[in-house]
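Below: the structure, in structure tokens.
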Amino acid sequence: MSFIDLQVGPWRGVELLRGLTGPAETPAGCKSFSWRHDGTARLGGVLERAQVQVLIDAEAVPDKVQRAQPEAFGLRSVTTESAGEAYVFAGRMFGRAGDVDTIEPCAAAQLTIAPGTELAITVYEEFEYAIVAADGDLAVNNTDVPGRSVGLLDAGHRTLGLKNRSDSIAHALILGGQPTH
């Protein structure tokens, strides 16, 4: 397995796991943040049946294992119809705070997006973002992000446009943080 380089705030890399594949060994200087489609995330340790493993700078988080299983909340499309649901794991998004403590300001949230749905999400202008398309084909600000890939967005945006272009539900992980370069 190999990680896709991110360099988004404290987020360093991402690995899209297949089936029962376990997470890769965490490189020195990083901690593992694992995520599962059911709205569960874990910082440190192993999360069984995780779909994605993300690397975060070890200095950006406390030295403890943390598990988050927040309540889901509904999303509305740009036409105000029901669009799916979201979970906030770390930082603040959608007016909600995540349970995973961080030292460095950052954000991590899951979106489960209905087929053909378009969303407009308010984001922190000072953050850069990575959108991990675990499955389904997405468009991020009109740029294609195929399933099992990552789209990157520089700081300076107040909103993020997302569209699920697939015929099935799409799961996405949004990671944000202040630029380090």
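Numbering-wise, the numbering used here puts 158 at position 162 of the sequence shown, and it's gapless, one number per residue. Even glycine gets a Cβ: it sits at the ideal position worked out from N, Cα and C. Remember, predicted model here, so these are calculated numbers, not experimental data.
(message) Let's see if you can read the secondary structure: which residues bound the beta strand (DSSP E) around F(-1)?
(response) Per DSSP, F(-1) is not a residue of any beta strand (DSSP E), being assigned neither H nor E.
(message) To the nearest angstrom, how far is the alpha carbon of I99 from that of L43?
(response) Roughly 22 angstroms separates the two Cα atoms.
(request) Could you spell out the range, first to last residue, of the beta strand (DSSP E) harbouring S73? (result) Here S73 belongs to no beta strand (DSSP E), and DSSP marks it neither H nor E.
(message) Determine whether the beta carbon atoms of P6 and V48 lie at a separation below 9 angstroms.
(response) No, Cβ-Cβ distance for P6 and V48 is not below 9 angstroms.
(message) Taking its Cβ as the centre, do 16 or more other Cβ atoms sit within 10 Å of V61, making it buried, or is it exposed?
(response) V61 is classed as exposed because its beta carbon has fewer than 16 other beta carbons within 10 Å across all chains shown.
(message) Comparing C-alpha positions only, which one of L107, R154 and L148 sits nearest to I0?
(response) Nearest neighbour of I0 by Cα position, chosen from L107, R154 and L148, turns out to be L148.
(request) Have a look at G91, G40, W31 and C26 and flag the residue whose alpha-carbon is nearest the alpha-carbon of E55. (result) Nearest of G91, G40, W31 and C26 to E55, Cα basis: C26.
(request) Put A79 into one of helix, strand or coil per three-state DSSP. (result) Three-state result, A79: strand.
(request) Could you tell me the distance, in whole angstroms, from the CA atom of G112 to the CA atom of A166? (result) Each residue's Cα considered, the two are about 10 angstroms apart.
(message) Would S78 and G70 be called neighbours here (beta carbons separated by less than 9 angstroms)?
(response) Going by C-beta atoms, S78 is nearer than 9 angstroms to G70.
(message) Quick check: V84 and V50, are their CB atoms within less than 9 angstroms of each other?
(response) Going by beta carbons, V84 and V50 fall outside the 9 angstroms limit.
(message) Please identify the residue among A104, G80, A68 and N137 whose C-alpha is closest to the C-alpha of D150.
(response) The shortest C-alpha separation from D150 is found at N137.
(message) If I measure Cβ to Cβ from E122 and keep anything under 7 angstroms in the same chain, skipping five residues before and after, which residues do I get?
(response) Excluding sequence neighbours, E122 sits near A151 and Q174.
(request) Over the uninterrupted beta strand (DSSP E) stretch that includes Q49, give me the two end residues. (result) Per DSSP, Q49 belongs to the beta strand (DSSP E) from V48 to D53.
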